[in-house]
Each structure stands twice: as C-alpha cells, then as structure tokens.
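Novice:
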Amino acid sequence: MHHLITEMQCALQMAARCLNSTNRVWLVGGSCSLLLQGVEVLSPPRDIDLYADMNSVQMLHTAMEEWSTDKQVLNKSGLYSSILSHYDINDTQIELVGDFRITAKGSQYKVEVEGKLHPHASEIELEGIPMGLMPLSHELLFNLLRDRKDRYEAIATVIRQEPGRHVPLLVQLLDTNRLEVNHIRQIATLLELPSILQYVAYDRN
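This is the structure:
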C-alpha cells in the first residue's frame, strides 16, 4: 500500500475517528483513495475528498463541525451537483461531498455510496482507525466523465490486473446509470473487455 504524507494521514485519521462515531457510511475518494490503492498519481494529494449519501451527509457534517470552514450547500458547478462542505484540520483541506452526480457529454452518473459502492470498497486501517476507499470502478467512471486521461488510464492499469475484483461492480454501475456510447467504448478499450460493449445497445430512458 502506498502512503500519504504524515500531515494528511493525521488529518484523515482525526476526521475518520469522528465520522466513524456516527455509524453512518462514508468513503475516502479522490487522489488519496487512488494512492492508497496503488494507483499511480502524477502529483501528491492536495486535499482529502470524502463521499456520502444524502441521508448521511448532515450527520457527518455535524461530527466534523469543529473544523468546518463553511456551511453545507447544494453546489451545482459545471459537470457536478452535490451537497458540499469544507473543513480544515491542521492546514489540511477536507471536502465532504454528498449526493454526488456528474453529467458529461450525454452521460449521467449518480454516486450511491451505501447501496452500491460501500459493499465493494477496500477496507483499510490507518494507525488502527478503519475506513473504506472508493472502489476503482467508480474512480474509472468518474475520471472518464471528467476527461482526466492521466487518472483513468492509471486506474484502468490497476483494474486490468484484477478484473474479477473490479468488473462486477463496474457492470452494476453501467446497468444503473446512463453512459453515452463513446464513454462505453472507451471503457471497453481501456479494460480490454469487449463484453462491455453490450451496454451500448441498452436504452435506459
């Protein structure tokens, strides 16, 4: 497992301790999650991204309120829609993202943490504090839709090493979200999985 810089790991541990006390479901995402799962990232993480569902995000915000730098708001910016709030723990910036959705070039993807992602999350412990990491299937879709080639190519490299571990969730996500033809073709090419092309023919309207 790759490691975060000490200051960021300490901040994540402090946040996780508070969030775990709520018994709500949350996951670490973004470059921190990628790094901890062995995905090559070009630059070290600058902040920590945490994800949760709509029914959990208020309680999680309350648990971290002592570090809050703003109020929770519905944020619609560019491709993204979410309930967003920010925190500062010892100069490490943390973002809590609830009910996250991304729409790009005809594709629509809704993040469902508890129902879909959490059962497939990698579970780790940092200094004895447990936390879950966003599955790489999610990270592949997310970074593909926002056109982060450096990220999605690196993620695909790791997924190809253990397709049996990652592809079942990817299939679920393709089945319950609407992805445009070109995005599905990109996924099939990246993962060297022609079977993914069957989702091109699906009409989910």
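Each residue of the sequence shown is one higher than the last, beginning at 836 in our numbering. Positions of the beta carbon are idealized from the N, C-alpha and C atoms, including for glycine.
1) Beta-carbon within less than 8 Å of Arg1020's beta-carbon, same chain only, minus the 5 sequence neighbours each way: which residues are those?
2) How many Å lie between Lys906 and Ser942 at the Cα?
3) Do Val874 and Ile964 have their C-beta atoms within less than 7 Å of each other?
4) Report the option in His838, His1018, Thr1024 whose CA atom is closest to the CA atom of Tyr944.
5) In angstroms with no decimal places, state the Cα-to-Cα distance between His955 and Met966.
6) How close, in whole Å, do the beta carbons of Met889 and Thr857 come, if the pair is a contact with beta carbons under 8 Å?
7) In three-state DSSP terms, what is Ile840?
8) How long is the line joining the alpha carbons of Lys911 and Glu930, rounded to whole angstroms?
9) Of the choices Asp923, Ser891, Gln928, Phe935, whose alpha-carbon is the least far from that of Arg881?
10) For the beta strand (DSSP E) holding Asp934, just list the boundary residues, first then last.
11) Suppose the cutoff is 8 Å on Cβ atoms and the five residues either side in sequence are ignored; what does the same chain contact list for Arg852 look like?
12) Which first and last residues belong to the alpha helix (DSSP H) in which Ser891 is found?
13) Assuming Ile959 contacts Leu871 (C-beta within less than 8 Å), just tell me the rounded distance between them.
14) Given that a residue counts as buried once 16 or more other Cβ atoms are within 10 Å of its Cβ, and exposed if not, what is Gly950?
15) Looking at the strands, I want to know which residues DSSP matches up with Gly967.
16) Using a Cβ-Cβ cutoff of less than 6 Å, which residues in the same chain neighbour Met969 once the five nearest sequence positions on both sides are dropped?
Specialist: So, from the listed chains and residues:
1) What you label residue 1020 is simply residue 185 of the sequence shown in a count that begins at 1. Only residues of its own chain outside the window of five on either side were considered, and among them Leu1032, Val1035 have a CB closer than 8 Å to the CB of Arg1020, listed in chain order.
2) Reading the sequence shown from its first residue, position 71 is the one you call residue 906. Reading the sequence shown from its first residue, position 107 is the one you call residue 942. Cα to Cα, Lys906 sits roughly 30 Å from Ser942.
3) Reading the sequence shown from its first residue, position 39 is the one you call residue 874. Reading the sequence shown from its first residue, position 129 is the one you call residue 964. The answer is no: Cβ separation not under 7 Å.
4) As a working note, residue 944 is residue 109 in the sequence shown. Among His838, His1018, Thr1024, the Cα nearest to that of Tyr944 is on His1018.
5) Looking up residue 955 in the sequence shown gives position 120. Looking up residue 966 in the sequence shown gives position 131. Across the structure, His955 and Met966 are spaced so that their CA atoms are roughly 13 Å apart.
6) By one-based count along the sequence shown, residue 889 stands at place 54. By one-based count along the sequence shown, residue 857 stands at place 22. Actually they are not in contact, since the Cβ atoms of Met889 and Thr857 sit about 15 Å apart, beyond 8 Å.
7) Here residue 840 is taken as the residue at index 5 of the sequence shown, counted from 1. Ile840: coil per DSSP, three-state reduction.
8) Position 76 of the sequence shown, counted from the first residue, corresponds to residue 911. Position 95 of the sequence shown, counted from the first residue, corresponds to residue 930. Straight-line spacing of the CA atoms in Lys911 and Glu930 works out to 15 Å.
9) By one-based count along the sequence shown, residue 881 stands at place 46. Residue Gln928 is the option with its Cα nearest to Arg881.
10) Counting from one through the sequence shown, the residue named residue 934 turns up at place 99. First-last of the beta strand (DSSP E) with Asp934: 927-939.
11) The sequence position of residue 852 within the sequence shown is 17, counting from 1. Non-local beta-carbon contacts of Arg852 in its own chain, meaning distances under 8 Å to residues more than five positions away in sequence, involve Ile964 in chain order.
12) Along the sequence shown, read from residue 1 onward, the residue named residue 891 stands at position 56. Note, Ser891: alpha helix (DSSP H), 889-898.
13) For the purposes of this step, residue 959 is taken as the residue at position 124 of the sequence shown. For the purposes of this step, residue 871 is taken as the residue at position 36 of the sequence shown. The Cβ separation is near 6 Å, so the contact holds.
14) Mapped onto the sequence shown, residue 950 falls at position 115. The residue is exposed, with fewer than 16 neighbouring Cβ atoms inside 10 Å.
15) Taking the first residue of the sequence shown as 1, we reach residue 967 at position 132. Paired residue(s): Glu958.
16) Residue numbering aside, residue 969 sits at position 134 when the sequence shown is read from its first letter. If we look at Met969 and ignore the five residues flanking it on each side, its Cβ neighbours are Leu862, Gly864, Ser868.
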